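> The sequence shown begins at 0 in numbering that gives the first Met the number 0 and counts up one residue at a time.
Here a beta-carbon is modelled for each residue, glycine too, at the ideal position from N, C-alpha and C.
As the structure is a computational prediction, the values presented were derived from the model and not from experiment.
My questions will all concern the structure given below.
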Amino acid sequence: MNFTTKPSYYQVGGSLTNNAPNYVKRQADDDFYNGLKAGEFCYVLNSRQMGKSSLQVRTIQRLRNEGIACAAIDISEIGNRGVTPEQWYAGLLRILENNFNLSDIVNVRTWWRDRNFLTPVQRLSEFIETVLLLNISTNIVIFIDEIDSILALDFPADDFLALIRSCYNKRANNSEFDRLTWALLGVASPTDLCRDKNLGSNTPFNIGRAIELTGFDETEAQPLAAGLAELTDSSAEVLREVLYWTGGQPFLTQKLCKLLFENVHLTPDLPPPAPPCQGGEQERVNNPREWVEEVVRLKIVENWESQDVPEHLSTIRDRLFRENQRIVRRLGLYQQILEQVEIVPDGSAEQMELRLSGLIVKRREKLTISNPIYQAVFNQDLIAKNLEKLLPYSEAIKVWLNSNSQDDSQLLRGEDLQSALVWAADKSLRNEDFQFLTASQKLILSDQNQLLLAAKLETQTATRDAETALSEAGAAKQKAQQWIGIGSAVLAGSLIGAIGFSTLAYQRFKLAQASIEIEQNGSDALLLAVSQKNESSEALSEALLRAIASGKKLRTFVENKQHLEQYPATRPLLALQVILDKISTKQQIKTPSLPPRKMNWRAHIGAVTSICFSPDGKILATAGIDDRVRIWNFYGQKLAEWKALQQSVNMVSFSPDGKFLATAGSDSTVKFWNLSGKKISQLKGIEGSVNSISFSQTEKLFAAAGIDSSSAIWNLSKLPKVISSSIKLPGHNGLVRSVNFSPSGDFLTTLDGKSTVRVWDLSGKLEKTLPVQAIGISFSRNPQQYRFATVTLNGKVGLWNLSAKKLVSEFETLHLDAKLISFSPDGERLATVGIDKTVRLWNLAGRPVAQFTFEENVVSVGWSGDGKQIAVAGSNGTVWLRQVEGLEELLKQSCDFLGSKPEYLRRVSTICK
């Protein structure tokens, strides 16, 4: 069969000419053109070979037709490695001179040299203002292509980005700058381009317009069908199959169409152009599918490395497997997407790396594989093999995961575990890696060993205190002896002082000695308890007796100490709580004068995303991914329920007066409700899903933050009037995890996906960036404390001074994978949460005081106003309500329980007297 083809109809790679018949116009064409024509700063940051250069060519032609002067600068032409700032900025100047034909007006070489007392960026700025704008009377658009090449420079180009921003800032005072507009194109994220993360308000990206460049859809791609019409009258069906395989990716779509021209022989049954009555309708529907699939298989997927001309898949491979600290997490994320796990875009570094590679795209607020060709080439086997090469424990974790995380024989021990932890220290790992390493550590440092280790450390500290106290006592005694022989009056006074000092030191020594004994006895009781498999065993009751004795002794030392932080030991509290929990799993512990220790109920279908107590402490509010808000009493009885119509409710929070509450939605909205579920008001000023909200306690202010770099403050004084204006908190890149007002309401903090904590005043001005990489932050509501806390991913808690925002103290929590922290309202306790389904409570000295384990991953925690209860939200829809007991309550419940057993009555009556 002879076909008259036009090999040049499809172009694979490179920019298409202005009049190219196979150019596909997309929504981005109009967005880019209209934005630049309106004077907006626009940027097209996308993966390679998505048609950015062709878009630029077409846009420049359209703008020039409107009389707008344009310059197209391929910034990579200036060079990068070894280029000095002087040479780089001078190169920009030379290109501007050539693009705008300014050589007759100014001698750039002389002009540049005459201003060598200025920095290079100042000279470029002056050139724009005094030469370019002065001599070009029309509107001007400067296109900077391959902007990602600045990442290879030996110096940061943040000054250049700040210059672009300054051109827009100058519009307020110099109307000439209204005529100047910039456009950036390249393969990078705004976060990548801004090396200085404190660039803040000087970055152009928080005033610019991102142009989304997507793949071709069937309507847009119709110009490509014209070329296929020469092969068959089924061109529409062929094009539909092409777009299925390529996902509309421009380079692949052009390449596959060209390959179809060249490989007609691969399908002998392809119907030629003919009247519809010839050949059969069914055959014309089926054959295009088989033909396109065969060409894809033979000419693109199989032996792809030898057929990848011009390079496309190789470029993606290099970006996918580029070794950096995020490679394991990046490959793990891609593996999840291959397995069709729903991943919500959050702007994280590994997500952006995959999106910029072109492998994945955002569709309907979820990340998915761009097309079946990529899925076939970069498949599960390839990813698994590469992960095996990277992970020093690849075989072990594979077997462990296949056993549903139950095969403890695969967990790491000894040197293998130590080597793995050293290897993992500077890497961003997958969740399953964290779980595997945590489980391995738990095997070695089981509950007994973890508690023993902590007790040993505390015992060592107390021993040092005792030795110091004893040394001071000896020194005091020696000091007293040295005064013998001095005059009697002086002698008497000196002896009294020395004896007083000696007595104080001796008291400290005795306290330290007693603390060691109490801590050790509490640890012994705890170790005995956790080693018991049978909850009704006699040994468990013996452990409880020991814990009671230890707790009674502790009580004699803390009767006059109001603050938990001042307790010389806390192990008895932990032992009593853990043992009572262990007993109560099989035996009901009833203490009539006290509320139930713990209870739980099914609250939502799917994860409970947020939980909080009302300010008066009488009710609970929960929210879930089921888009429901529910109000509960403390017995699990539902008092109210409504559908929020926000796709998913990510957070719920009561107003300070408790009269209404706010919900943060995945649909970019925040809604305000009365306690019956009637909507009061709604605001929308956050891009993407809203995942954190905060009320100011003293002012009628409200803050919200989202997954797309957005965070802002609103004034609620006019509720229920709809709120529109807000104060933006700029400078974030990607996910903003949380936003929190300080207790006094005079500042607020944001925590982003890069673990950066920023402090802002109420006008939206950045006050400070804290020197910590945190995963969670929480404020103490106790006005006497002036503290807030942070926790890092590896479990280090930092306590900060509220006014100075300076680190005061730190302690380790033994979490390898912490994810949130929460102060109790009285400021006495800190709750930390990891991915091990455990909530741990600490006093502010870093001593453990309670430990609660749950059947589901913990998503959120909330404290009652008096700090006596903690509510826990689970990942499968369960809510738990726990009493947080002090020493007196724990001793009472323990004595009541053993007192109900005849065999322990005599011993209990003696200990609990």
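1) Please state whether DSSP places R846 in a helix, a strand or coil.
2) Please tell me whether, using a cut-off of 7 angstroms, the distance from the CB of N302 to the nearest non-hydrogen atom of the ligand ATP is below it.
3) Please report the straight-line C-alpha distance between T252 and G12, rounded to a whole angstrom.
4) Here's the rule I'm using: 16 or more other beta-carbon atoms within 10 Å means buried, otherwise exposed. How should R412 be labelled?
5) I need the DSSP call for C911, collapsed to helix, strand or coil.
6) Measuring straight from C-alpha to C-alpha, what distance separates A830 and K551?
7) Taking the DSSP output, what are the residues bridged to F433?
8) How far does the beta strand (DSSP E) with P770 in it extend, from its first residue to its last?
9) Using 10 angstroms around the beta-carbon of L117, count the other beta-carbons present and answer buried if the total reaches 16, otherwise exposed.
10) Excluding five sequence neighbours on each side, which residues of the same chain lie with their C-beta closer than 8 angstroms to the C-beta of N106?
11) Express the C-alpha separation of I139 and R913 in angstroms, rounding to a whole number.
12) What does a CB cutoff of less than 7 angstroms around S52 pick up in its chain, not counting 5 residues either side in sequence?
13) Check whether the Cβ atoms of V756 and L750 sit closer than 8 angstroms, and answer yes or no.
14) Based on the DSSP secondary-structure assignment, which residues constitute the bridge partners of Q882?
15) How is the beta strand (DSSP E) around V376 delimited, first residue to last?
16) Give the DSSP-derived three-state secondary structure of Q60 in the structure shown.
17) Can you tell me which of F787, F633 and S708 puts its alpha carbon nearest to the alpha carbon of S209?
18) Could you say which of Q696, I315, Q850 and G845 lies nearest to R839 if we only look at CA atoms?
19) In its own chain, which residues sit with a C-beta less than 8 angstroms from the C-beta of V27, not counting the 5 before and 5 after it?
20) Y922: which of S408, A568 and D745 sits nearest, CA to CA?
21) Between which two residues does the beta strand (DSSP E) carrying D144 extend?
22) Entirely within the region 323-353 and at least 4 residues each: give me those alpha helix (DSSP H) ranges in chain order.
23) Please identify the residue among L259, D216, L734 and R329 whose C-alpha is closest to the C-alpha of Y9.
24) Closer than 6 angstroms by C-beta to L904: which residues in its own chain qualify, once you throw out the five before and the five after it? Chain order, please.
25) Can you name the residues that DSSP bridges to N739?
26) Would you check if there are 3 or more beta carbon pairs closer than 8 angstroms linking the region 603-615 to the region 855-863?
27) Identify the residues that DSSP records as bridge partners of C611: which are they?
28) When you compare the CB positions of R627 and S691, do they come within less than 8 angstroms of one another, or not?
29) For V23 and F215, which I take to be in contact (beta-carbon distance under 8 angstroms), what is that distance rounded to the nearest angstrom?
30) Does the region 570-577 come close enough to the region 518-531 to have 3 or more Cβ pairs within less than 8 angstroms?
31) For V860, which residues in the same chain have their Cβ closer than 8 angstroms to its Cβ, ignoring the five residues on either side in sequence?
32) In the DSSP assignment, find the beta strand (DSSP E) that holds C193 and state where it starts and stops.
33) So what's F659 in DSSP terms, helix, strand or just coil?
34) Compute the distance between the beta-carbons of W915 and G676, then report whether it is under 8 angstroms.
35) Among D153, I834, F778 and P614, whose alpha-carbon lies nearest the alpha-carbon of S823?
36) What span of residues does the alpha helix (DSSP H) with Q26 cover, start to end?
Once the coordinates are examined:
1) In the three-state scheme derived from DSSP, where H, G and I count as helix and E and B as strand, R846 is classed as coil.
2) As for the ligand ATP, it is missing from this structure, which has no ligand bound.
3) Rounded to the nearest whole angstrom, the C-alpha separation of T252 and G12 is 11 angstroms.
4) Exposed, because fewer than 16 other Cβ atoms sit within 10 Å of the Cβ of R412.
5) Coil at C911, not helix or strand.
6) Their Cα atoms are separated by approximately 25 angstroms.
7) F433 is not bridged to any residue.
8) For P770, the enclosing beta strand (DSSP E) begins and ends at L765 to Q772.
9) That one is exposed.
10) Within the same chain, N106 has no close Cβ partners at all.
11) Shown here, the chain extends from 0 to 912; a query on residue 913 therefore has no answer.
12) Taken in chain order, the residues that qualify are S14 and D144.
13) Cβ atoms of V756 and L750: closer than 8 angstroms.
14) DSSP, once it has assigned bridges, lists Q868 as partnering Q882.
15) Boundaries for V376: no beta strand (DSSP E) harbours it, while the alpha helix (DSSP H) harbouring it runs P371 to V376, taken from the DSSP string.
16) Here DSSP, grouped into helix, strand and coil, assigns Q60 to helix.
17) Position check: residue 209 holds Ala in this sequence, whereas Ser was assumed. Nearest option by C-alpha distance: S708.
18) Per the C-alpha coordinates, the member of Q696, I315, Q850 and G845 positioned closest to R839 is Q850.
19) Reading the sequence as shown, one finds Ala at residue 27 and not Val. V43, L54, I210, E211, L212 and T213, listed in sequence order.
20) The requested residue 922 does not occur in the structure, where the chain is confined to residues 0 to 912.
21) Boundaries of the beta strand (DSSP E) around D144: I139 to D144.
22) Counting whole runs of 4 or more residues, the region 323-353 contains the alpha helix (DSSP H) stretches 326-337.
23) Residue L259 is the option with its Cα nearest to Y9.
24) For L904, where only same-chain residues beyond five positions count, there are no Cβ hits under 6 angstroms.
25) Bridge partners of N739: T748.
26) The region 603-615 vs the region 855-863: in contact.
27) Beta-bridge pairing links C611 to A620.
28) No.
29) Your pair V23 and F215 checks out as a contact, with CB atoms roughly 5 angstroms apart and the cut at 8 angstroms.
30) Two segments are said to touch when three or more pairs of C-beta atoms, one from each, lie closer than 8 angstroms; by this definition the region 570-577 touches the region 518-531.
31) Counting only Cβ-Cβ distances below 8 angstroms, and skipping sequence neighbours, we find I610, L819, S821, A830, V832, V838, I869, A870, V871 and A872.
32) Element bounds for C193: n/a, residue is neither H nor E.
33) F659: strand per DSSP, three-state reduction.
34) Residue 915 lies beyond the stretch modelled for the chain, which goes from 0 to 912, so this question has no answer here.
35) Looking from the CA of S823, the closest CA among D153, I834, F778 and P614 belongs to F778.
36) Taken as a continuous stretch (DSSP letters only), the alpha helix (DSSP H) holding Q26 covers Q26 to K36.
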